[in-house]
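Enquirer: Let me begin by handing over the structure; questions about it come next.
Residue numbers (my numbering), protein chains in the order written: chain A, 515 to 862; chain B, 81 to 602.
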């Protein structure tokens, strides 16, 4: 901005920064607010029927512990979806990493921290394979990660066979960490909060994150802007893989027992959490925070429905309807917004 | 950024070429721009200007030729490299991220950061507001880019380029969708940037703007360099002669046709934000040219009439029968046919053979008892391929391997085989070489002579003027003029297409500007 300012022919008023009222309205209208309200309603109704749902040591712990693994996955999933891709291999990465971690405890004498880091690194590597296939082979992520979903699960199953890792093979320190609490909140939940905080910061406040939004919003425009599409795609998938790896390590800490079914199908819950939380499936919009709240809503509904006396079959159907409703709502809201903006333009 | 002394050669391209498959987009482009100058680049649509711009911007790589920036040979592989070297391009069609805010669009990829890598939103917001204040426009920097008018989107592109502090600024028809006031403002800014020693390239079809703003002019024709002159050494007539380079008559073999009753009748067709109250009647034997600027909504209107796109209100009738909305199959049955703008994407199945493409729309009619025999298909396809003189070795040739002109003939054959009453053609000769262009024109003219009603959407003014019996001009989704063949001069069409004086709310303030910028040509 060193250029000399040419005189404007007519000086229109400079738009001022919006008032506090406008900001408050924005917060109220945000998608995340609606999801938080839905979450609170579910919590309130269930607790009213069965007070121990919230007001018991177990209830309070489960409230945070149950969603913690899904929150970590949903953050990774949201990053990928925002760039207009999807990662269906998350559950298989979780399973493979969990099993590999267990095997390292059984077969090697490596220190605990090294094993955990290697587990997460394995996740990053598996994610990078997804990313490379998507970025370089230019095949839609849906197809690529559907393929690696089976490949990664297959590797784990042929490696594990009928074998499984038992809690007795896992270091006591890790298991006790998995059940420990800090300040009344489970340690695993603290990890998920940390992931959420870092993820939200990176996606919301750094160039790399904003560029991922841009790439998801309009890939062609991103090319014209000179954004590093290939690199960002790789990073998004590496992040999703790494977080799935972290989720695998958390799985070990929480359950101790790892069979070949670990994490089976959990990628769909992660996609569901992100979508319910307002991450548009066509990329470019939504927040990491929203995806995490979506995970909380999903898991709390899962736990709450039996208490409300709803049968198992209907529980799944309710979750399914919730996902469909969220996507339809997204589409309707988006079109309404688009129409509103166009109408404003016509009126001007 | 330090700018070079006036007179230094900032940008130099010599004999640059670019080919896409069988289509030569740029044969031999040359351009030398000095710092502290505004250089006009003119040529008809398809002359290769936009391709050259994309090479300069690093979006395409030239097949041959040399490209130098401030004396250094460069070969940009990405737009980011070109940007870093100080080249900013304002494209003909603005490209913004619809989900993101205006501010984010301005600074994407180069947001101000604090030392922890955190984006400084406050600084970004302040700078965005300062930029808009300087440009004298009111755009809320926090609103999403979705739904902005083309003029506003263009303003954002300009603001972006200004804030980039570029040494070389290329504007590809930046004024195409701007009102008189906005054009004046842009020209003031352009002059200020020139006076700072930047090199500007200005692409425009409006000669009055070119002659009042630029100091040097380069003419291109059919993908090749024609001439470069100081602006005071040439007249508009000189430039037009070099631009066209041939007699317009040869290219547009318009034959007289008997004009019959109304076949296509569009009444009050509206779609929020896209087009409004469109009334259009087309008669048998008539070619109606739909002119307007890129993005004016012409294709959208015809796609809505055909049923591909939705519309909010209005009716479409063919020969008195109402065409139901959102139902292209019904539209085809009632006698409508649409040759789309993007023939590779929407007109053809590239992986299918010529035969399969030609019979695509009439498979039901060709099939016997639900089965389609290749004999029946081939017979029909052979007939149409011969009538339209499709040049291909066999009927089994894949559509994707044909040249642009032949592909267009295949699409035309497909639709003509449905025996339509109304043929809508969208940019029928885009990306087609001059020889085949004339063939397509002759064909359209013959068809009209046989009683077909033709609606031709075209951004090539000579094509519209040469072919149409009647020219309907669209501006920002509204019909702004209907001109008979005799009334349709280039000036009259361009004036209606830019619709400066009629802009409702700015009418009072823009009148003086409009007369100064457009009065010369009107």
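Where is the CB? At the ideal position from N, CA and C, for every residue including glycine.
(1) What's the call for residue 527/A, buried or exposed, on a 16-neighbour Cβ count within 10 Å?
(2) Hey, does residue 621/A have any beta-carbon neighbour from chain B nearer than 8 Å?
(3) Taking residue 480/B as part of the alpha helix (DSSP H), name the residues at either end of that continuous run.
(4) Output needed in chain order: residues of the stretch 791-823 of chain A with a Cβ under 7 Å from some Cβ in chain B.
(5) Return the Cβ separation of residue 700/A and residue 582/A in integer angstroms, given the expectation that the two are a contact with Cβ distance under 8 Å.
(6) Out of 421/B, 292/B, 362/B, point me to the one whose CA is closest to residue 539/B's CA.
(7) Would residue 817/A pass as a contact of residue 576/A if the rule is Cβ separation under 8 Å?
(8) List the residues of chain A whose Cβ lies closer than 7 Å to the Cβ of residue 178/B, in chain order.
(9) To the nearest angstrom, how far is it from the Cα of residue 659/A to the Cα of residue 594/A?
(10) Measuring straight from C-alpha to C-alpha, what distance separates residue 117/B and residue 167/B?
(11) Is residue 113/B closer than 8 Å to residue 169/B when the C-beta atoms are compared?
(12) Nearest-angstrom Cα distance between residue 295/B and residue 119/B?
(13) With a threshold of 7 Å on Cβ separation, who are the neighbours of residue 254/B within its own chain once the five nearest residues in sequence on each side are excluded?
(14) Near residue 487/A, what residues of its chain come up, given a Cβ to Cβ distance below 7 Å and the 5 sequence neighbours on each side ignored?
(15) When burial is assigned at 16 or more other CB atoms within 10 Å of the CB, is residue 580/B buried or exposed?
(16) Using a Cβ-Cβ cut-off of less than 9 Å, list which residues of the stretch 391-416 of chain B approach chain A; keep chain order.
(17) Would you kindly report the start and end of the unbroken alpha helix (DSSP H) that includes residue 734/A?
(18) Consult DSSP for residue 600/A and reduce its assignment to one of helix, strand or coil.
(19) Cutting at 6 Å between CB atoms, please list the residues of its own chain near residue 545/B, excluding the five before and the five after it.
(20) With a threshold of 8 Å between beta carbons, is residue 725/A in contact with chain B?
(21) So residue 437/B packs on residue 479/B, CB below 8 Å; how close in whole Å?
(22) Closer than 8 Å by beta-carbon distance: list the chain A residues that pair up with residue 383/B, in chain order.
(23) When we look at the beta-carbon of residue 335/B and count the other beta-carbons within 10 Å, is it buried (16 or more) or exposed?
(24) Could you tell me which whole alpha helix (DSSP H) segments of length 4 or greater appear in the stretch 538-592 of chain A?
(25) So the candidates are 447/B, 284/B, 342/B; which of them puts its Cα closest to the Cα of residue 397/B?
(26) Does the beta carbon of residue 645/A come closer than 8 Å to any beta carbon on chain B?
(27) Could you please give me the residues that DSSP links to residue 96/B through a beta bridge?
(28) Going by Cα to Cα distance, which pick from 494/B, 565/B, 176/B, 369/B is closest to residue 559/B?
(29) For residue 735/A, would you say it is in contact with chain B, using Cβ-to-Cβ distances shorter than 8 Å as the test?
(30) Using DSSP's beta-bridge definition, name the partner residues of residue 282/B.
(31) Quick test of your reading: residue 783/A and residue 812/A, contact by CB under 8 Å. State the CB separation rounded to the nearest angstrom.
(32) Would you check if the stretch 190-206 of chain B and the stretch 151-161 of chain B touch, i.e. whether three or more CB-CB distances between them fall below 8 Å?
(33) Compile a chain-ordered list of the residues in the stretch 737-759 of chain A whose CB is closer than 9 Å to at least one CB of chain B.
(34) I need the straight-line Cα distance from residue 857/A to residue 204/B, nearest angstrom please.
(35) Among 469/B, 431/B, 460/B, which has the Cα closest to the Cα of residue 481/B?
(36) Give the residues of chain B in contact with residue 856/A, contact being defined as C-beta atoms less than 7 Å apart.
Expert: The structure says:
(1) Taking the first residue of the first chain as 1, we reach residue 527/A at position 13. Residue confidence for residue 527/A is low, a pLDDT of 43 falling below 50, so the modelled location carries little weight and cannot support an answer.
(2) In the first chain, counting from the first residue as 1, residue 621/A sits at position 107. Closer than 8 Å: no.
(3) The residue labelled residue 480/B in the question sits at position 400 within the second chain. No residue range can be given for residue 480/B, since it is assigned to no alpha helix (DSSP H) and is classified by DSSP as neither H nor E.
(4) 798, 799
(5) By one-based count along the first chain, residue 700/A stands at place 186. By one-based count along the first chain, residue 582/A stands at place 68. Residue 700/A to residue 582/A, Cβ: 7 Å. Contact.
(6) In the second chain, counting from the first residue as 1, residue 539/B sits at position 459. Answer by Cα proximity: 421/B.
(7) Sequence index remark: in the first chain, residue 817/A carries index 303 (1-based). Sequence index remark: in the first chain, residue 576/A carries index 62 (1-based). The answer is yes: Cβ separation under 8 Å.
(8) Sequence index remark: in the second chain, residue 178/B carries index 98 (1-based). Per Cβ cutoff of 7 Å: 731, 732.
(9) Your numbering for residue 659/A matches position 145 in the first chain. Your numbering for residue 594/A matches position 80 in the first chain. Their Cα atoms are separated by approximately 11 Å.
(10) Locating residue 117/B in the second chain gives position 37, counting from the first residue. Locating residue 167/B in the second chain gives position 87, counting from the first residue. Rounded to whole angstroms, residue 117/B to residue 167/B spans 15 Å at the Cα level.
(11) What you label residue 169/B is simply residue 89 of the second chain in a count that begins at 1. What you label residue 113/B is simply residue 33 of the second chain in a count that begins at 1. Taking 8 Å as the Cβ cut-off, residue 169/B and residue 113/B do not qualify as a contacting pair.
(12) The residue given as residue 295/B occupies position 215 in the second chain. The residue given as residue 119/B occupies position 39 in the second chain. Approximately 6 Å, taken between the alpha carbons.
(13) Against the second chain, residue 254/B aligns to sequence position 174. Result list for residue 254/B: 170, 234, 238, 266, in chain order.
(14) No answer is possible for residue 487/A: the residues shown for chain A start at 515 and end at 862.
(15) Reading the second chain from its first residue, position 500 is the one you call residue 580/B. Any answer about residue 580/B is weak, because its pLDDT of 49 lies below 50 and its placement is not dependable; what the coordinates show is given next. Counting Cβ neighbours within 10 Å, residue 580/B comes out buried, since at least 16 surround it.
(16) none
(17) By 1-based counting over the first chain, the position of residue 734/A is 220. It spans 733-739 - the alpha helix (DSSP H) in which residue 734/A sits, taken as one unbroken run.
(18) Along the first chain, one-based indexing puts residue 600/A at 86. It is coil, neither helix nor strand.
(19) By one-based count along the second chain, residue 545/B stands at place 465. 568.
(20) The residue given as residue 725/A occupies position 211 in the first chain. So, interface residue.
(21) Numbered from its first residue, the second chain carries residue 437/B at position 357. Numbered from its first residue, the second chain carries residue 479/B at position 399. Residue 437/B to residue 479/B, Cβ: 5 Å. Contact.
(22) Here residue 383/B corresponds to residue number 303 of the second chain, with the count starting at 1. Residues of chain A passing the Cβ test: none, with the nearest at roughly 17 Å.
(23) To locate residue 335/B, count along the second chain from 1; it is residue 255. So residue 335/B counts as exposed.
(24) 545-563
(25) Counted from its first residue, the second chain places residue 397/B at position 317. Among 447/B, 284/B, 342/B, the Cα nearest to that of residue 397/B belongs to 342/B.
(26) Here residue 645/A corresponds to residue number 131 of the first chain, with the count starting at 1. Cβ-Cβ to chain B under 8 Å: no for residue 645/A.
(27) Taking the first residue of the second chain as 1, we reach residue 96/B at position 16. According to DSSP, residue 96/B bridges with 109/B.
(28) For the purposes of this step, residue 559/B is identified with residue 479 of the second chain, where counting begins at 1. Out of 494/B, 565/B, 176/B, 369/B, 369/B has the C-alpha closest to the C-alpha of residue 559/B.
(29) Here residue 735/A refers to the residue found at position 221 when the first chain is read from its first residue. Yes, residue 735/A lies at the interface with chain B (some Cβ there is under 8 Å from its Cβ).
(30) Within the second chain, the letter at position 202 stands for residue 282/B. Residue 282/B is bridged to 120/B, 251/B.
(31) Here residue 783/A refers to the residue found at position 269 of the first chain. Here residue 812/A refers to the residue found at position 298 of the first chain. Indeed, because the Cβ distance is near 6 Å, the residues count as touching under 8 Å.
(32) no
(33) 737, 738, 739, 740, 741, 742
(34) For this step, residue 857/A is matched to residue 343 along the first chain. For this step, residue 204/B is matched to residue 124 along the second chain. Answer to the nearest angstrom: the Cα atoms are 28 Å apart.
(35) Numbered from its first residue, the second chain carries residue 481/B at position 401. Of 469/B, 431/B, 460/B, the residue nearest in Cα terms is 431/B.
(36) Taking the first residue of the first chain as 1, we reach residue 856/A at position 342. Residues of chain B passing the Cβ test: 227, 352, 353.
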